[in-house]
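Letter 168 of the sequence shown, counting from 1, is numbered 240 in the working numbering, and no numbers are missing.
Contents: one structure, followed by commentary.
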Amino acid sequence: MSLKTKFPTDFVWGTATSAYQIEGAAALDGRGPSIWDAFCDEAGRVANGDSGDQACDHYHRFREDIALMADMGVTAYRFSISWPRILPDGTNSTLNQAGIDFYNALIDCCLEHGIQPWATLYHWDLPQALQEHEDGWLNPAMADRFADYAAVCFEHFGDRVKHWITINEAWVVAILGYGQGVFAPGRTSNVEPYQVAHHLLLAHAKAVDIYRRQFKPAQSGLIGITNNCDWREPKTDSQADREAAQRALEFFLAWFADPIYLGNYPDSMREYVAERLPVFTEAERDLVLGSSDFFGLNHYTTMYASQSGDQVQESAVYGNGGLSEDQQIDLSVDPQWKKTTMQWAVVPWGCRKLLHWIADRYKNPPIYITENGCAYDDHPVDGEVHDQARIDYYAAYLEECAHAIEQGVDLRGYFAWSMLDNFEWASGYGQRFGLHYVNFETMERIPKASARWFKAQLNPEG
Ligand code: PNW
73 MSLKTKFPTD FVWGTATSAY QIEGAAALDG RGPSIWDAFC DEAGRVANGD
123 SGDQACDHYH RFREDIALMA DMGVTAYRFS ISWPRILPDG TNSTLNQAGI
173 DFYNALIDCC LEHGIQPWAT LYHWDLPQAL QEHEDGWLNP AMADRFADYA
223 AVCFEHFGDR VKHWITINEA WVVAILGYGQ GVFAPGRTSN VEPYQVAHHL
273 LLAHAKAVDI YRRQFKPAQS GLIGITNNCD WREPKTDSQA DREAAQRALE
323 FFLAWFADPI YLGNYPDSMR EYVAERLPVF TEAERDLVLG SSDFFGLNHY
373 TTMYASQSGD QVQESAVYGN GGLSEDQQID LSVDPQWKKT TMQWAVVPWG
423 CRKLLHWIAD RYKNPPIYIT ENGCAYDDHP VDGEVHDQAR IDYYAAYLEE
473 CAHAIEQGVD LRGYFAWSML DNFEWASGYG QRFGLHYVNF ETMERIPKAS
523 ARWFKAQLNP EG
């Protein structure tokens, strides 16, 4: 029995990418620099001195890439629009027509192949000019800059794009960009992440407000935000550890989802972060509350949480505990769990538990998994890439998704991360998440065994 038969017939099957990770053509056709171009230029920031200058050269090869997606049988493609390719200095004083043309061609090509375009407006590539001259996401005015940029995208692409994602993973921007400093713009602080998060939420909400008032009546699409969250399992059955795991999930996901679904930050954050956590004005709260038509979720892994002792442990490539000292939590993994090359543990049941946690806390919203996937050290052997571990990962995670649906969770779609091996941020090209292998010298694409496996699941009749 193919996997597809375990899911509703209208379930959305897709793959995902983001602009800076695949497009390349960083200095071409009027694109302005982003904070990731600048970050890659700083010595020691990105493994191997890699950058997205060329990436997968998707800018020139998108037709081939979309044909590969169509061959897999997916019905949706989640990509991101590069803000500095549309507005080179970040403001709508200069519109880069070549950027508009590129995304028009990309969107049209998707539709010609029967693939629905799902566009993310912000996947971390803030125009460098806004960082340099306006202090980036630390500035509350960024919310208006973002809303202006979003309006340009709705205006030019909204006749064909019916699913919009405002911000990808505000947690990563705040924690990895401003807390741990391992992502652009590379700042370390225990105050700034909370401010940045607040401004990202407002940026999201303003863009949604503009879409709903000015574009939705004619374009009738859906718009939401995508947040990322790992599962946190209590390390022991003790009351303290159960509370620690709950608190860890609140600091990870409820930080962003509670304001949108419940109207405020979680009480635990107010208690533990105290005056460093911004307060919503009444007008801001009204704007943010109810501002997502669907619950976008990126999920990769699971860790145990326990009440912290003296020291805080971190054990992944990125310290994915967040600001653990603010949460008073220790994170750990079971040494038995298999790991990907990111050192992220493969724990399929964590995905099901997280889906239930979301359904319970937010009254069963429609959920789309907008990313799930794994990195392995793939290499072609006689022209083929036998990534059985990735097939096992997808099969097991999707099995848990199917269970969650059976048990009443309103999961409506799933996007595999990623369509292609690509620029994996601070890890450079050293981490391969793709369903398609990319030879970064020749730019040749090779469908991995996992891509053929997906195809077989999605096209059960062959
Ligand atoms: C996500 N963490 O990033 C992004 O949306 C993708 O662009 C990225 O390629 C993918 O996941 C794989 O990393 C994350 O530390 C980066 O928890 C770091 C974390 C989570 C997600």
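A virtual CB, placed ideally from N, CA and C, is assigned to each residue, including glycine.
All values reported here derive from a predicted model rather than from experimental measurement.
The beta carbon of K307 sits closer than 6 angstroms to those of D313, Y376, S378, all from its chain and outside the five residues before and after it, given in chain order. For E241, the distance from the CB to the nearest heavy atom of the ligand PNW is below 7 angstroms. Using a Cβ-Cβ distance cut-off of 8 angstroms, the stretch 171-179 and the stretch 107-122 are not in contact, since fewer than three pairs of beta carbons, one from each stretch, lie closer than that value. A straight-line Cα-Cα distance of about 21 angstroms links W327 and G258.
One Cα belongs to F134, the other to L178, and the distance between them is close to 7 angstroms. Taking the CA atoms as reference points, A275 sits about 19 angstroms from E204.
Judged by beta-carbon spacing, L321 lies beyond the 8 angstroms limit of H371, meaning their Cβ atoms are not closer than that value. Rounded to the nearest whole angstrom, the C-alpha separation of G162 and G296 is 22 angstroms. Per DSSP, D402 is one residue of the beta strand (DSSP E) stretching across 401-404.
Looking only at E472, E516, D432, E397, the smallest Cα-Cα distance to P452 is reached by E516. Between A523 and T260, the alpha-carbon positions lie close to 39 angstroms from each other. Its Cα nearest to that of D365, the residue A329 stands out among L198, L349, A329. When distances are taken from the beta-carbon of Y372 to the heavy atoms of the ligand PNW, the shortest one is below 7 angstroms. Here the stretch 155-170 does not lie against the stretch 399-419, with fewer than 3 beta-carbon pairs under 8 angstroms apart.
For F367, the uninterrupted beta strand (DSSP E) segment begins and ends at 367-370. Rounded to whole angstroms, the Cβ separation of G422 and E513 is 37 angstroms, and the two are not in contact under 8 angstroms.
The Cβ atoms of I187 and M141 lie closer than 8 angstroms to each other.
By the criterion of a C-beta distance shorter than 8 angstroms, L273 is surrounded in its chain by A242, F328, P331, I332, V360, once the five residues flanking it on both sides are discounted. Cβ neighbours of M144 within its own chain (closer than 7 angstroms, five residues either side excluded): A523, F526, K527, L530.
Relative to the Cα of G455, the nearest Cα in the group K78, P519, A139 belongs to P519. W196 and N240 have their C-alpha atoms spaced approximately 7 angstroms apart. Residue pairing by DSSP puts L492 in a beta bridge opposite H508.
When Q318, F79, D220, S499 are compared, the shortest CA-CA separation from D402 is found for Q318.
DSSP, read as helix, strand or coil, puts M375 in strand.
Between the stretch 485-505 and the stretch 439-449 there are three or more inter-stretch CB-CB distances shorter than 8 angstroms, so the stretches are counted as touching. Per DSSP, reduced to three states, the secondary structure at R103 is coil, with no helix or strand assignment. Distance from the C-beta of W190 to the nearest heavy atom of the ligand PNW is not below 7 angstroms.
Leaving aside the five residues that flank A170 on each side, the residues in its chain whose CB is nearer than 6 angstroms to its CB run, in chain order, D101, G102. According to the DSSP assignment, N176 belongs to the alpha helix (DSSP H) that extends over 169-184. With fewer than 16 other Cβ atoms from the protein chains shown falling within 10 Å of its own Cβ, T81 counts as exposed.
Taking 8 angstroms as the cut-off, the Cβ atoms of A219 and I282 count as close.
If you draw a 10 Å sphere on the C-beta of E533, you find fewer than 16 other C-beta atoms in it, and that means exposed. Relative to the ligand PNW, the beta carbon of D125 is positioned no closer than 7 angstroms to any heavy atom. The stretch 471-479 makes no contact with the stretch 222-232, as fewer than three CB pairs between them are under 8 angstroms. Rounded to the nearest whole angstrom, the CA to CA distance from Q267 to Y250 is 10 angstroms.
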